[in-house]
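Undergrad: Here it is, the structure in full.
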Amino acid sequence: MKVLVINAGSSSLKYQLFDMETKAVMAKGLCERIGIDGKLTHQGSSDDKYKADVPMHTHAEAIKAVIDILLDEQWGVIKDMSEINAVGHRVVHGGEFFADSVVINDEVVKAIEACIPLAPLHNTPNLIGIHACEEVMGKDVPQVAVFDTAFHQTMPSKNYMYAIPYEYYEKYKIRRYGFHGTSHKYVSKQAAEMLGRPIEDLKIITCHLGNGSSIAAIDGGKSVDTSMGFTPLDGLPMGTRSGNIDPAIIEFLAEHEHMDAHDVINILNKKSGMLGISGVSSDFRDLDAAIAEGNVRAALAKDMFNLSVKKIIGSFIAAMGGVDAIVFTAGVGENDRSVRWDVCEHMEYLGIKIDPEKNKFRGRQMDISIDYARVRVLVIPTNEELVIAQDTERLVNEMAGN
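Residue numbers (the numbering used here): 3 to 404.
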């Protein structure tokens with residue numbers, strides 16, 4: 003089976019084509035500036051990349067551009083569109099509707115639409131990608147939705163409820179949902195394989211650290227708590243997001259800066275976090291360069307981030323009654339050794355200790371703990387696209403009775 007994985011944004015579309023017999027990526031690429039002019043970057047079986055300006059006024063035109071390049075005589079990897087057996091879509095918010103991935107039908111589309119108020123910047127383009135694939139590929143090609151929130155639907159109510167009047171949960175489903183679920187699911191399974199133990203016997207804390215960051219407590223293979231909340235704004239300070247703050251700050255800023263709540267939330271989402279504190283950048287690499295030049299605010303931003311990660315790890319250890327492994331993943335978690343070191347420093351009393359030599363490596367799957375540490379600290383590159391492809395294959399096979 004060949005599965006096309008689609009991650010549609012408001013003006014971009016990432017794709018990967020998987021051969022599920024070998025789990026190999028046959029091709030991958032990115033459509034950018036959809037609705038403006040259109041740019042395509044594509045990589046097939048070789049290391050060479052194809053880049054071109056391709057008119058993409060709509061997502062349907064972007065999908066058509068993807069199909070065309072996959073079929074291209076020089077750069078393509080398939081000979082006919084019929085070779086694509088299914089499409090898997092990343093969908094950010096499934097609300098309380100979905101605790102697993104699902105084959106997309108009219109009812110699923112309506113449920114995704116119902117979650118738009120919970121994730122307007124994400125679910126809308128996700129739906130556009132779904133409709134675009136149907137328009138270009140027809141209704142006979144099965145499509146599957148894989149939700150960022152689904153993995154966290156195993157959280158108990160004491161962990162996902164907010165201490166606000168219960169009626170708001172009943173009326174609006176205001177609760178903690180959590181995100182990056184596909185990544186947390188993947189790396190926790192990989193951690194169990196690395197440790198050679200059944201995941202059902204393990205307590206794992208997974209740290210998905212990047213421009214957007216979240217941490218999950220996974221007990222017996224199930225998410226029991228996570229740092230992001232009703233929206234991805236909650237939890238850690240991130241690239242441009244504030245993370246959790248005193249909610250009264252919103253009213254205070256609105257009153258003193260003559261803004262409405264929407265304006266303040268926009269600042270908390272797009273102008274805060276590492277960017278807001280440092281005044282330099284939301285990119286951790288830029289912060290490191292600024293720190294090397296003596297920039298105090300850049301150093302403060304990273305210190306705040308690292309301490310926040312440490313605090314959440316500590317709280318999850320307390321809540322689960324222990325931990326067997328801590329996993330670092332995503333762009334910062336996989337590559338920023340100073341973050342990993344600072345987060346785990348002074349945690350020897352919990353059995354956590356990093357080997358400084360092992361910690362020098364970047365972007366590879368490995369155990370970076372000292373040999374005698376009771377708690378293993380693992381670096382595991384995430385692969386959300388593979389999870390989407392695997393879920394798509396599983397559900398399509400179940401639908402076919404295989």
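Don't be surprised by glycine CBs; every beta carbon is placed ideally from N, CA and C. Please read these numbers as outputs of a predicted model, since none were measured by experiment.
In its own chain, which residues sit with a C-beta less than 6 Å from the C-beta of R364, not counting the 5 before and 5 after it?
TA: N337, listed in sequence order.
Undergrad: Pick out the complete alpha helix (DSSP H) segments inside the stretch 250-303, 4 residues or longer, and give them in chain order.
TA: Runs found: 250-258, 263-272, 275-280, 286-294.
Undergrad: Going along the chain, which residues of its own chain have a beta-carbon closer than 6 Å to the beta-carbon of S12, five neighbours each way excluded?
TA: Taken in chain order, the residues that qualify are P127.
Undergrad: With respect to the alpha helix (DSSP H) encompassing G353, which residues constitute its N-terminal and C-terminal limits?
TA: That residue, G353, is in no alpha helix (DSSP H); it is neither H nor E in DSSP.
Undergrad: In the DSSP assignment, find the unbroken beta strand (DSSP E) run with L6 in it and report its ends.
TA: Note, L6: beta strand (DSSP E), 4-10.
Undergrad: Tell me which same chain residues have a C-beta within less than 7 Å of the C-beta of A152, skipping the five on either side of it?
TA: Excluding positions up to five away in sequence, the list reads G96, F100, A101, D102, S103, G183.
Undergrad: Give the single residue among A121, E359, S48, E195 whose Cα lies nearest to the Cα of K175.
TA: The option with the nearest alpha carbon to K175 is A121.
Undergrad: DSSP three-state call for Y174: helix, strand or coil?
TA: In this structure, Y174 counts as helix in the three-state DSSP scheme.
Undergrad: Does DSSP classify I141 as helix, strand or coil?
TA: Note that residue 141 corresponds to Lys in the displayed sequence, not to Ile. Three-state result, K141: coil.
Undergrad: So, under 8 Å CB-CB, T242 and S284 are touching, yes? Tell me the CB distance rounded to an integer number of Å.
TA: With a Cβ gap of about 5 Å, T242 and S284 count as contacting.
Undergrad: Just the C-alpha distance for G198 and F286, rounded to the nearest angstrom, thanks.
TA: Near 33 Å, if we compare the C-alpha coordinates of F286 and G198.
Undergrad: Among K16, E85, M83, which has the Cα closest to the Cα of H61?
TA: It is K16 whose Cα lies nearest to the Cα of H61.
Undergrad: Taking all protein chains shown into account, do 16 or more other C-beta atoms lie within 10 angstroms of the C-beta of T384, making it buried, or fewer, making it exposed?
TA: Looking at its Cβ environment, which holds 16 or more other Cβ atoms inside 10 Å, T384 is buried.
Undergrad: Does the Cβ of K304 have 16 or more other Cβ atoms within 10 Å, making it buried, or fewer, making it exposed?
TA: Buried, because 16 or more other Cβ atoms sit within 10 Å of the Cβ of K304.
Undergrad: Less than 8 Å between the CB atoms is what I'm expecting for N308 and V345, so what's the real figure, rounded?
TA: 5 Å between Cβ atoms; contact.
Undergrad: Skipping 5 residues on each side, what residues in its chain have a beta carbon closer than 6 Å to that of A292?
TA: V282, A300.
Undergrad: Report yes if the C-beta distance between H154 and G131 is below 7 Å; otherwise report no.
TA: Their beta carbons are not under 7 Å apart, which means H154 does not touch G131 by this criterion.
Undergrad: What does the alpha-carbon distance come out to for the pair G353 and G323?
TA: G353 and G323: Cα-Cα distance of roughly 13 Å.
Undergrad: Please state if the CB of L380 and the CB of V329 are separated by a distance shorter than 7 Å.
TA: The answer is yes: Cβ separation under 7 Å.
Undergrad: To test your reading of the DSSP string, which unbroken beta strand (DSSP E) runs of 3 or more residues are found completely within the stretch 361-396?
TA: DSSP runs (the beta strand (DSSP E)) wholly in the stretch 361-396: 378-381.
Undergrad: How would you write the range of the alpha helix (DSSP H) that Y188 sits in, first residue to last?
TA: Where Y188 is concerned, the enclosing alpha helix (DSSP H) stretches over 183-197.
Undergrad: Is DSSP giving T233 helix, strand or coil here?
TA: The answer is coil: DSSP assigns T233 none of H, G, I, E or B.
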